[in-house]
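Okay, so here's the structure we're looking at.
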Amino acid sequence: MSAIEIVPLNWYLLLSTVLFTIGVLGVLFRRNAIIIFMSVELMLNAVNLLLVAFSSYLSDSKGQVFVFFIMAVAAAEVAVGLAILMMVYRNTKSSDINILNKLKW
Amino acid sequence: MKALILLSSLGVITLLAEIFSFKKLLYPFVLLGLAATFVVNLFDWNLTQNTFFGMMQYDHFAVGFTSVILIIAFLWFLMSDSFFREETSVTDHFALVIFALAGTVIMVSYTNMTMLFLGIEILSISMYILAGSKKDDLNSNESAFKYLIMGAFATGFLLFGIALIYGATGSFDLAEIKIFITSHEGTVPAIFYAGVLLMLIGLAFKVSAAPFHFWAPDVYQGAPTVITAFMATIVKTAAFAAFLRLFANTFAGVTDTWINIVWVMAALTLLVGNITAVMQTSTKRMLAYSSVAHAGYMLLALLAVNNLSTSAVLFYATAYSIGSIGTFCILHIITTAKGNDNVDSFNGLGKSNPKLALIMTIVLLSLAGIPPTAGFFAKYFIFTAAFQSGFTGIVLIAIIASLIGVYYYFRIIIAMYFKEGSDEAITVQTSHKILLIAVAIATIALGLFPDFIIRMF
Amino acid sequence: MITTYLFYFLSFLAIMFALMVVFSKNPVHSVLYLVLTFFTIAGHYVLLNAQFLAAVHIIVYAGAIMVLFLFVIMLLNLNKETEPHKGVWLKASAAVASGLLLVVLVGSLKGAETIVATNAFNPNIGLIENLGKTLFTDFLLPFEVASILLIVAMVGAVMLGKRSIK
Amino acid sequence: MIKLVYLVPLLPLIGFLIIGLFGKKLSKGLVSVVGCGSVLGAFAVSLGIFFELTGKVEKSVTIDLFSWITAGKLSIPFSFLVDPLSSLFLLIITGIGFLIHLYSTGYMSHDEGFSRFFAYLNLFIFFMLLLVLGSNYLIMFVGWEGVGLCSYLLIGFWFKNTAYNNAAKKAFIMNRIGDLGFLLGIILIFVTFGSTSYHEVFLMAKNFTSGAPVLTAITLLLFVGAIGKSAQLPLYTWLPDAMAGPTPVSALIHAATMVTAGIYMIARSNILFTLAPLSMEIIAMVGACTLLFAATIGLAQNDIKKVLAYSTVSQLGYMFLALGVGAYTGAVFHVMTHAFFKALLFLGAGSVIHAMSGEQDIRHMGGLKKYLPITQLTFLLGTLAIVGFPGFSGFFSKDEILAHAYEHNKLLWVFGVLGAAMTTFYMFRLYFLTFKGDFRGTKDQLHHLHESPKNMTIPLMVLAALSVVGGLVGIPEVLGGTHFLEEFLKPVFEDSSFRLIHHLSHETEYILMGVAVTVMTVSLYYAYTVYVKNKTLPADESQELKPLHKLVYKKYLIDELYDNAITQPLNFISGGLHKVIDNQLVDGIVNGVGTVVNWTSSKVRLVQTGNIGFYIFVMVISIVLILFTSIM
Amino acid sequence: MITILLIFFPLIAALMLLLVKGEQVKKIALGAAIIEFAISIFALIQFQHNADVQFEANLPWINSLGISFHVGMDGISLLLVLLTTFLVPVIILTSFQNNYKNPSLFYALVLSMQMALIGVFVSLDGFLFYVFWELALIPIYFICLLWGGENRAQITFKFFVYTLAGSLLMLLGLIYLYQHTEGTHSFNMAALYKAGQGLDAVHQGYVFVAMFMAFAIKMPVFPFHTWQPDTYTVSPTTGTMLLSGIMLKMGTYGLIRWILPVVPLGVVTWGHTAIVLSVIGIVYASCIAIAQKDFKRLIAYSSIAHVGLIAAGILAVNVQGLQGAMVQMLSHGVNVVGLFFIVDIIQQRTGKRDLGSLGGIRNVSPQFAVLFLIVLLGSVALPLTNGFIGEFLLLNGLYQYSAGLTAFAGLSVILGAVYMLRSYQSIMLGEVNNVTASFAPLTGNEKTVLVILCAAIIVFGVFPKPLLDIAEPAVARLIEIAKIK
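The listed protein sequences correspond, in order, to chains A, B, C, D and E. No gaps in the numbering here: position 82 of the first sequence is 81 in numbering that gives the first Met the number 0, and each next residue is one more. No gaps in the numbering here: position 450 of the second sequence is 449 in numbering that gives the first Met the number 0, and each next residue is one more. No gaps in the numbering here: position 60 of the third sequence is 59 in numbering that gives the first Met the number 0, and each next residue is one more. No gaps in the numbering here: position 347 of the fourth sequence is 346 in numbering that gives the first Met the number 0, and each next residue is one more. No gaps in the numbering here: position 338 of the fifth sequence is 337 in numbering that gives the first Met the number 0, and each next residue is one more.
Next comes the structure, spelled out in structure tokens:
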């Protein structure tokens, strides 16, 4: 008994779009690099949800497999990202994105 | 495929070098490996059948770009041995660069969104790291940081696009998508177009096309010069190959959705890139902007979706990469010698190091697109391609832009020959000499006999 | 019927928690809300017959990634006080921008109903064997390539993480 | 002999080359020998040609040397035309040329530019001969500009003096104005007739109806050239200034030969002019006005050479009047006689100046009769000749012109007679003030006074003789003579003859002569009373003159007028174009582009704020826009 | 074959020179230039007097784009090649007494410039033409940049970008034509002619504008001339001579070879505008020349005036006009080189160029005065000098197009005399002043050069026929092609 049979695909589309946008909002809204990072994760998850929805609607497993790769990438990105954050923090003692704007013009 | 396998194994071996401690031999070994890869890669020519589970295909396009990338990589290694000497974590650098190369190989040969995605990510992630590889240098940190955040953000859109396209077509495979487009003439669901646009945005970010270019100047300036060179040449080439593979081929059926946007992007990129470069004091940043501008030229070829565009982009990428490697190498030498990368640190180079100045002049002329250098033909092919598809307006813009381009490239030439500077000559190490001579010869040779690259396709 | 309600409920929670992630003052709270968001999304996966994926999702995200986040936040001991904030105007413009984005996205995402499922409905695609089959036949190459990705990440993280010897 | 015509210009050319290249090394004697010898040789050849021609039936011979310019159907040979007209001019040029060369050997003997002077003179002779010998308009033009060049060089011969250089420049440029007209005329001739050689042009011209606009255009353009070269209104002002050159130059170039090139040109193309009555009228009017205008100025001048200069302008006016009324023979006749007596007068003036050691102001002369007897005598003869004293050469030529003028248009005749009266007055004023009365110069000038050496006086005498008897070649049949010149020149002018029906009865002719003679005598007498009886002297610079007198004395301020109306505006315009239009506007636009680029760059780069938040914000906005366009 | 030799010999010589150091560089360069001249003379001897292209060579270059290394000479090309090969040794000789630093590079650049120029004149392939066209820009830019006068940097740069802008437009035009060649596209001249004439009037107009801009800037024609006086003034005299004596002819040659036959209708549509511009330029430049104090600058402007007349004569499209253009190109080359050399001599000795501070040189160096006078007469087009032949034919040709314009253009005959005589007077005549008092007599080299030039001026003024005969058939054929079908 799958939700996709009852709930129209559009709603999932809508839901993931909203989540995605909230992610974007987060990126725009906050200055803390870590929160921004989390918002990006949120965006990725929105995409995941969309993929899963599609895959089960099309009853095609490729979509879900793709989600695995996204997860892998997300994990990798987070690992590297946080490492970089740590490095920056080590030098600036801050995780504020606005601290770093020496490079401009 | 062979190239991919070789490269990944080469990367693993370099990692092992840490353990079995043959770091000393690593540098020549890697050069050897690259050479071997290059040779092996050529064997894939005309083996168009071998698609690996429809994931990647080694067609002429792929082989062509791979070989170009490998050549550039080889030159790049010649340029940046210092990068592998002074640092503590040598093997990591080797590994990252080589894996990045593996990523590029995937990007030029993918036939499936999954591979595209993975390729881009492998490349990007290693770039994030390498950009930040000067751990105590704030600029390096900043560039890595900016690159990372904006890159990740852009990836989100790319993925959203992929997802939508999957939703519409039920597949990640380029061939199938193409078939879907042709079969569903007119009944293609709207989300597919949305997907195409979102992917366009994602890729536009990777090739640093305006208005998604903002990361490029800062990141280029902050990153260590060698890494900047890597980004400006290899990364850009690979990104454009990926771009072309997807849009000039798979999405060629739905040009109406994206052509105008690319038109505007190209125009913006050309103007912003060139105009902003004019007033830069830091040569490195200036080159960063110029590389943005060059992306604009290559977008022209993408715009003209015709038989010429592939070879045009390939030639342009080659000419431009060779030129950039040359310039960055000299910039590297100057920066290490003079301590800063301002334009006036080139003053009097014409007197102190005439040969260096000469080569710099040649490559700058090539970047400015003046015959008989490779850069001229590169621009020529691009313009012809765009012209043939009837994009006269953008070609005119491009011409104006390239005139502005001449403006800032010649600032360096004038500085070298006209301004008075310190007269003591800078000593150039052998590997750099080899590299520079090779670059100069290649630039002139490609300028005089551009035919053999064109005939590849 | 129940599933519909469940869908509404989970969607509501997901959106709410997501918003909380963005708006809560304290980074730690944000992390926790994000974890909750992931749980709701996992719930959606279950609803969509992607049980295995749901499990993996919980393990990877809630189990690994978020812990990493939490760990870092603790390490840098970020909290309400240290938390930097943008000015009102910037926040407003951010809200407006994302609002617009939502509008255009929704606007451009019409026509999903025209999609026709080519192959007959099969509730078992989410099961481990199906996924495994696809992953290790069609997607073998990406699977291998992903390993490169992970090595890169690993090497990179280590390289950046360790203090350079001076 | 005619076959050897190329020798005529060649000899002076060789002379020029020898003197020009080796002048420094040669002795003055050798230089004078080469200089005079070459011209004498040319004269001999011309003489031979003249006699052979008189004997021949075929009156015009063309000698081709080589093909000069060819482009498409334009083909211009470098060839000479020997016919009565040209051979006559050959004689005048080489003959008088030789005499003046001879004279110069004495006159210039103390000048360090001796050899340069003779080089220039020979070059001038060469070009002048080219001018009259050419068988097509372009060769004529070559000579035409060539003599202009030589005139430039010789006027500015004493190149250290800025005033002289300016005079030279003025002469050249004013000639250039005329030359442009001439050149355009030649081009129009080519465009119309497809050729520039006299024979073909005149042959085809016959098919045109009288008064055809194209012919009027051509003739007017040619006439512009003549105005410039022969110093007619309004381009005459260079000639008086040209007196800056050494006196022999004034005699040769600015009296005898070069300035008459205009007359030669019109006489040469008489058929074209005859077919363009309008042009003829204009020429006649211009001539008449010039002769009167210049004469009035001559009345009040005190510089001996200036007086002669204005009289030259005036005499040239007579010639144009003659041409204008169709009396081509008369014009040529007057050219010849004028060449004799005006050369004589100038040389005489030269010998005076020589004796007065450079003094040219007649107010400081007087009573030179007893110091320079020969000069005085010859000068007197010359004066009588120019005023047209019965029996003297000037009488016949002027009378012929007046007669034709009368029959053509009474008004012109009146002009002519008035001019004659004035001529008489100022010439005798000049003569009396110079030779009569008692000496008004300084002491050392006084005891420095001496008669000029032989090589200067001989030419004077020869010329005097010529100016007395020179008229005999053209005694009108009213006076029971056979007009030899008219007969001789008939072949040249016969095509135009249909226009000159000679219907003056003998009575009228006698009356006209009578009038002329009486007028002449009256004004002679007046001059005598004024300057000999009651010894009035021209006012010197200090005292204030009556307005009219002053105006005339100041030459109607024409030079000032030109300066204010042309030179200064030209300079102003050039300066304006340079500073304002070129530097500010045209170049400003070009540089403006660069400035704009820099400015934009300096502004655009500020968009790159370095703030991640801003970057992402812009990205999102652009994404919104892109998706938005796709929805539309 | 001989054409290829002509092109590449200077290049090889230039590369050789780079290896040589020291004083003898000058002599070697001169030797090379003279050999080159000898080669061209040999070509002249071999040349048959007919319209078709000779010494043709057609090597494959970029087949995939229909670009080939196709060179050859007809009368027109041959004359310009001769001009180049004649002037370059002269120019090198003029540069003998001013010792440029780093001579080997200097002369290498000069010779490579020569190579590019010859290439431009003999190309029978549109693309090749363009490449040589651009190639010529680089050496001269560096000559001016490295050895020029004060604030040369931006002036030469302006020159570079300005001309580059023009040539890029030309490239557009060529590409456009290329894409209208039938079959597998090709840049072959004949093909381009066909393509161009196939277009309708409007598009021919576009091509005309694009190409004309390039040539107009190079010549330069008013109002695209503002780079020229500055550049001529600031660059070393050798560079100025190359620019004005030869490089400028690239523009006029381009007009003849790459506009008239390619877009006849374009000429009809736009020719009038172009001619009017040129004629305005003639008078405009002459007027400005009058206002100049700096003699070098004055010559620069006078050269604008002369070129304007050439352009007008060419665009009148008739035999007289074109023949006149051919002769005038050569004469102008000789005269202007002479004039600039005179400037150089004066500057060498007195260190001054402004007319105000000079004067009376004739007193101290009469020979110089005479030679100067002859060159000057050539440039004011006195009959029996080469300048006259060209000017007469050009005016003649222009007259057949429009009498009014000719009369207006003719004003330059007067104005030319005005500024030339004025400058001659204030430099040569009058009393010597402290600047010119110690004016040394001419050296052997200087005398040789000036005598050679003066000889050329007079000889070709008296016997222009040979030149005209060489060009005649080619010109006739060109007009045949350019006639509106």
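C-beta atoms are modelled at their ideal positions from N, C-alpha and C, and glycine is treated no differently. As the structure is a prediction and not an experimental result, all values here were calculated from the model.
In the three-state scheme derived from DSSP, where H, G and I count as helix and E and B as strand, residue 73 of chain D is classed as strand. Annotation: the continuous beta strand (DSSP E) that includes residue 56 of chain E extends over 53-61.
No Cβ-Cβ contact shorter than 9 Å links residue 373 of chain D with residue 247 of chain D. Between the alpha carbons of residue 393 of chain D and residue 169 of chain D lies a distance of about 31 Å. If you draw a 10 Å sphere on the C-beta of residue 7 of chain A, you find fewer than 16 other C-beta atoms in it, and that means exposed. Secondary structure of residue 615 of chain D (DSSP, three-state): helix. Selection B:272, B:53, B:104 and B:161 evaluated against residue 288 of chain B yields B:272 as nearest (Cα-Cα). DSSP places residue 66 of chain E in the uninterrupted beta strand (DSSP E) bounded by 66-72. Straight-line spacing of the CA atoms in residue 66 of chain D and residue 381 of chain E works out to 19 Å. Of all residues in the region 92-116 of chain B, only 94, 95, 98, 101, 105, 113 and 114 place a beta-carbon less than 7 Å from a beta-carbon of chain C. Annotation for residue 140 of chain E: the continuous alpha helix (DSSP H) segment containing it runs 125-146. In the structure shown, residue 78 of chain D adopts extended strand secondary structure according to DSSP, grouped into three states.
In the same chain as residue 195 of chain B, and ignoring 5 residues on each side of it, the C-beta atoms closer than 8 Å to its own belong to 160, 164, 250, 253, 256 and 257, in chain order. Between residue 103 of chain C and chain D, the shortest Cβ-Cβ separation is below 9 Å. The shortest C-alpha to C-alpha distance from residue 51 of chain B to any of C:150, C:140 and C:108 is the one to C:140.
The region 133-149 of chain B makes no contact with the region 10-24 of chain A, as fewer than three CB pairs between them are under 8 Å. For chain A, the residues of the region 606-619 of chain D that bring a beta carbon within less than 8 Å of one of its beta carbons are 607, 608, 609, 610, 611, 612, 615, 616 and 619, in chain order.
In the DSSP assignment, residue 56 of chain B is bridged to B:50. Nearest CB-CB separation between residue 94 of chain C and chain D: not below the 9 Å threshold. Contacts between residue 416 of chain B and chain E, judged by CB atoms closer than 7 Å, involve 144 and 145 in chain order. Distance from the CA atom of residue 304 of chain B to the CA atom of residue 398 of chain E, rounded to whole angstroms, is 52 Å. Classified as exposed, residue 562 of chain D has fewer than 16 neighbouring CB atoms from the shown chains inside 10 Å of its CB. Cβ atoms of residue 411 of chain E and residue 282 of chain E come within 8 Å of each other, at about 6 Å. Collapsing the DSSP output to three states places residue 67 of chain D in a strand. Three or more Cβ pairs closer than 8 Å define a contact, and the region 106-116 of chain E meets that threshold against the region 25-32 of chain E.
Of the other Cβ atoms in all chains shown, 16 or more fall within 10 Å of the Cβ of residue 296 of chain E; this residue is therefore buried. Under the Cβ criterion of 9 Å, residue 430 of chain E is counted among the residues facing chain D.
Its Cα nearest to that of residue 112 of chain E, the residue E:141 stands out among E:99, E:125, E:141 and E:254. Setting aside the 5 residues that flank it on each side, residue 167 of chain B is surrounded in the same chain by 188, 190 and 191, each with a C-beta closer than 6 Å to its C-beta; the list follows chain order. With a threshold of 9 Å between beta carbons, residue 23 of chain A makes contact with chain D. The beta carbon of residue 162 of chain D is closer than 8 Å to those of 243 in its chain, skipping five residues each way along the sequence.
In the displayed model, residue 234 of chain E falls within coil according to three-state DSSP, outside both helix and strand.
Ranked by how close their Cα comes to the Cα of residue 155 of chain B, the residues A:38, A:29 and A:33 have A:38 in first place.
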